[in-house]
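Quick note: the sequence shown uses UniProt numbering, first residue 1, plus one each step.
Positions of the beta carbon are idealized from the N, C-alpha and C atoms, including for glycine.
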Amino acid sequence: MQDINDLLTNLENELKQAWYKRQLVNPLMIGIHTGGVWIAEEMRQRLKLTEPLGVLDISFYRDDFSEIGVHPDVKPSAIPNHIDGRDIILIDDVFYTGRTVRAALNEIFDYGRPKQILLGVLIERDGKQIPITPDCVGARIALNANQRIKLTGPTPLNIHTETTSTEASS
């Protein structure tokens, strides 16, 4: 796994390029709870955005909500009510299946209709299940099915891969 600072710098550079290419105007940055918020706050500072960070907790928008129930640590989302016509930079820590981002997009559109959304993630790993792809990434990696990426933080931010108990017992 690359150093976290290298990943953050790669993501920052891709966001700057996409910002210019897509001609974003005064974008609102939104992070997906929890790790996405940590990454978004870092990107907000690096990109010198002055507006407070928006925060999404997509727990009630998940497509497996009926199967897993409510997580006991659900936090309220904090999104400005004025997102109609706004450029938005949506940030998450790890892009895996695409389902988290799909849920985040559904929630954002419940608040209003943004002009455009730029999706940035620290890590994009293999395993996509729905047709959503990040615009900007810190790194793309392939992992075994029994591996996952773990981000810890917020201070200091750190990232590593973990092996699930399935492999540990084999």
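Rounded Cβ spacing between residue i and residue j (contact assumed at less than 8 Å)
i   : j    : result
V94 : L119 : That belief does not hold up - the Cβ atoms of V94 and L119 are roughly 13 Å apart, past 8 Å.
L56 : S77  : 5 Å
Residue i CB to nearest heavy atom of the ligand SAH below 7 Å
i    : result
L157 : Absent from the structure shown: the ligand SAH. Ligands present: none.
Inter-residue spacing [alpha-carbon to alpha-carbon] between residue i and residue j
i    : j    : result
G112 : L157 : 32 Å
E14  : C136 : 5 Å
L105 : S165 : 32 Å
A40  : I79  : 14 Å
K16  : Q147 : 31 Å
D84  : E51  : 16 Å
L143 : R125 : 7 Å
M29  : T163 : 32 Å
N10  : H160 : 17 Å
I132 : T97  : 9 Å
E42  : V121 : 12 Å
K21  : D87  : 13 Å
E12  : V37  : 15 Å
Which of helix, strand or coil DSSP assigns to residue i
i           : result
A78         : strand
T100        : helix
V94         : strand
E124        : strand
D87         : strand
residue 257 : What the structure shows of the chain is the stretch from 1 to 170, and residue 257 is not part of that stretch, so it cannot be assessed.
A142        : coil
Q17         : helix
In DSSP terms, what residue i is bridged to
i    : result
Q147 : T163
G54  : I30
V137 : V121
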